[in-house]
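Read the structure below first, then the notes.
Numbering (the working numbering), first residue to last: 24 to 438.
This is the structure we're talking about:
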């Protein structure tokens with residue numbers, strides 16, 4: 024099977040959940056199927072990542088593009104200009120004609136059996152393309168993320184702008200899901216939303232995985248009372264969650280556990296987040312790190328205090344795989360097949376979240392029991408090999424269905 028893998032950005036470095044998921048799946052598939060990647064890329068910054076992808080896949084074609092810096096004057100101009108487009112800004116900026124042209128050229132030249140659009144951003148760029156069959160890999164239900172952001176926004180102007188973003192996203196997402204040949208989601212919850220909201224049945228859900236060898240328990244010295252959060256800090260749901268935790272939950276934790284400390288690990292923390300941490304010597308913001316495992320290994324527990332977002336949180340399974348107890352909001356663990364009270368603790372209100380954290384910090388035996396159950400869960404059900412095999416099966420079915428529709432015959436050798 025030949026796959027055209029259309030990417031919004033190169034997969035290296037794997038510093039965000041979507042990149043981690045896609046890289047782990049397709050690096051495993053590259054040994055047994057032919058993959059041709061096409062990706063938007065920055066000519067200077069992404070030279071190394073493109074070289075890595077060319078080693079991994081049969082080919083990698085970059086489409087050089089300079090993304091407008093967020094919150095710059097050009098960003099605000101383009102954001103306002105997108106009000107006249109049927110696309111919301113977060114999709115409009117990826118609708119680069121050269122990107123669509125490169126995808127079509129490579130798919131045609133290499134006679135690819137299926138085109139996989141990674142994220143709605145990529146699917147939007149080829150929405151009007153004649154390429155078939157087309158599959159979208161939905162790491163999130165994008166309009167839901169924007170709608171949740173809009174619901175929590177208190178600034179009147181931002182709320183007005185965000186409403187248009189999620190409403191247009193909902194319309195485009197529905198069009199993509201109805202016109203693409205297959206939709207792949209990362210959870211049963213997301214599958215049900217897409218089936219119910221957009222009236223489509225050609226949807227499959229793919230479980231979240233974790234690299235069980237890489238994220239394995241380590242014999243590291245624990246920092247007493249240390250909590251860790253891991254996630255890209257330029258992703259608004261992560262920043263929002265940390266602000267909520269530090270303002271609403273953290274004072275309650277510190278009253279009961281004055282020795283507690285919080286380490287926030289993730290790239291591109293904003294100036295306002297750094298300023299928040301500067302007010303409290305017990306809160307550390309690391310910025311980009313080479314390896315998150317030492318931070319997980321030394322922590323007594325991981326926290327995932329998300330209030331908006333979608334998809335599934337790979338960060339939870341990574342912590343569980345390293346045998347760390349996790350406290351999350353219900354939304355933070357949304358879509359993951361976890362057992363609250365056994366392999367994870369779930370709380371949504373500040374008091375309850377703080378109580379769960381201090382309970383784990385104060386009871387080593389209970390903390391270790393949750394951590395062991397967490398590791399057992401991911402080892403049993405969530406290795407990347409099985410996830411990659413399911414992805415291969417879904418794509419082969421989509422390619423076969425398209426071939427049968429065109430020729431009336433199933434290609435030989437397909438699974």
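We treat Cβ as the ideally placed atom computed from N, Cα and C, and that holds for glycine.
| C-alpha distance - residue 429 paired with residue 28, whole-angstrom precision | In the chain shown, residue 429 corresponds to position 406, counting from 1. In the chain shown, residue 28 corresponds to position 5, counting from 1. Bear in mind that a pLDDT of 48 at residue 429, under 50, signals an unreliable position, so the model cannot answer this.
| message | As a quick exercise: from 232, 164 and 179, pick the residue whose alpha carbon is nearest that of residue 215. | response | Position 192 of the chain shown, counting from 1, holds the residue named residue 215. Closest option to residue 215, Cα to Cα, is 164.
| field | CB of residue 300 within 8 Å of CB of residue 251, strictly | value | Reading the chain shown from its first residue, position 277 is the one you call residue 300. Reading the chain shown from its first residue, position 228 is the one you call residue 251. No, these two residues do not count as a Cβ contact at 8 Å.
| message | Less than 7 Å between C-beta atoms, sequence neighbours within five positions excluded: which residues of the same chain meet that for residue 308? | response | Taking the chain shown and counting its residues from 1, the one referred to as residue 308 is at position 285. Here the set comprises 287, 292, 296, 297 and 300.
| Cα-Cα separation, residue 92 to residue 117 | Indexing the chain shown from 1 puts residue 92 at position 69. Indexing the chain shown from 1 puts residue 117 at position 94. Going from the Cα of residue 92 to the Cα of residue 117 covers about 14 Å.
| field | Those runs of the alpha helix (DSSP H) which lie wholly inside the stretch 336-362 and span at least 4 residues | value | 337-344
| Are the CB atoms of residue 125 and residue 61 nearer to each other than 8 Å? | Start at 1 with the first residue of the chain shown, and residue 125 comes out as number 102. Start at 1 with the first residue of the chain shown, and residue 61 comes out as number 38. Going by C-beta atoms, residue 125 is nearer than 8 Å to residue 61.
| field | DSSP-derived helix/strand/coil call for residue 322 | value | Here residue 322 refers to the residue found at position 299 when the chain shown is read from its first residue. Three-state DSSP puts residue 322 in coil, outside helix and strand.
| query | Which whole-angstrom value is the C-beta distance of residue 232 and residue 358, which I expect to be below 8 Å? | reply | As a first step, residue 232 must be located in the chain shown, where it is residue number 209. As a first step, residue 358 must be located in the chain shown, where it is residue number 335. About 13 Å separates the two Cβ atoms, so there is no contact after all.
| task | Could you tell me whether the Cβ atoms of residue 401 and residue 235 are closer together than 8 Å? | result | Here residue 401 is taken as the residue at index 378 of the chain shown, counted from 1. Here residue 235 is taken as the residue at index 212 of the chain shown, counted from 1. Contact flag set, yes.
| said: Rounded to the nearest angstrom, what separates residue 337 and residue 191 at their Cα positions? | reply: Position 314 of the chain shown, counting from 1, holds the residue named residue 337. Position 168 of the chain shown, counting from 1, holds the residue named residue 191. Roughly 28 Å separates the two Cα atoms.
| task | Please check the pair residue 304 and residue 381, which I expect to be a contact at CB under 8 Å, by giving their CB distance rounded to whole angstroms. | result | In the chain shown, the residue the question calls residue 304 occupies position 281. In the chain shown, the residue the question calls residue 381 occupies position 358. Wrong, their Cβ atoms sit about 19 Å apart, outside the cutoff.
| query | For residue 64, is the classification buried or exposed, using 16 other Cβ atoms within 10 angstroms of its Cβ as the cut-off for buried? | reply | For the purposes of this step, residue 64 is taken as residue 41 along the chain shown, with counting starting at 1. Flag for residue 64 reads buried.
| query | Who are residue 206's beta bridge partners in DSSP? | reply | As a working note, residue 206 is residue 183 in the chain shown. Its beta-bridge partners are 159 and 226.
| In chain order, which continuous runs of the alpha helix (DSSP H) of length 4 or greater are located wholly inside the stretch 94-179? | 96-104, 112-115, 120-132, 142-148 and 165-175
| Expressed to the nearest angstrom, what Euclidean distance is found between the alpha-carbon atoms of residue 66 and residue 56? | Taking the first residue of the chain shown as 1, we reach residue 66 at position 43. Taking the first residue of the chain shown as 1, we reach residue 56 at position 33. The alpha-carbon atoms of residue 66 and residue 56 are separated by roughly 28 Å.
| said: Give me, in chain order, the residues of the same chain whose beta-carbon lies closer than 7 Å to that of residue 315; leave out the 5 immediate sequence neighbours on both sides. | reply: As a position in the chain shown, residue 315 is number 292, starting the count at 1. 253 and 288.
| request: Give the secondary structure of residue 290 by DSSP, where H, G and I count as helix, E and B as strand, and everything else as coil. | output: The count along the chain shown starts at 1 and reaches residue 290 at position 267. Residue 290 falls in the coil class under three-state DSSP.
| query | Which residues share a DSSP beta bridge with residue 57? | reply | Here residue 57 is taken as the residue at index 34 of the chain shown, counted from 1. In DSSP, residue 57 forms a bridge with 25.
| message | Judging by CA-CA distance, which residue of 274, 138 and 144 is the nearest neighbour of residue 419? | response | Counting from one through the chain shown, the residue named residue 419 turns up at place 396. Nearest C-alpha to residue 419: 138.
| Does DSSP put residue 235 in a helix, a strand or coil? | Along the chain shown, one-based indexing puts residue 235 at 212. Residue 235: coil per DSSP, three-state reduction.
| Rounded distance between the beta-carbons of residue 147 and residue 110, thought under 8 Å | Here residue 110 corresponds to residue number 87 of the chain shown, with the count starting at 1. Here residue 147 corresponds to residue number 124 of the chain shown, with the count starting at 1. That belief holds up - the Cβ atoms of residue 110 and residue 147 are roughly 6 Å apart, short of 8 Å.
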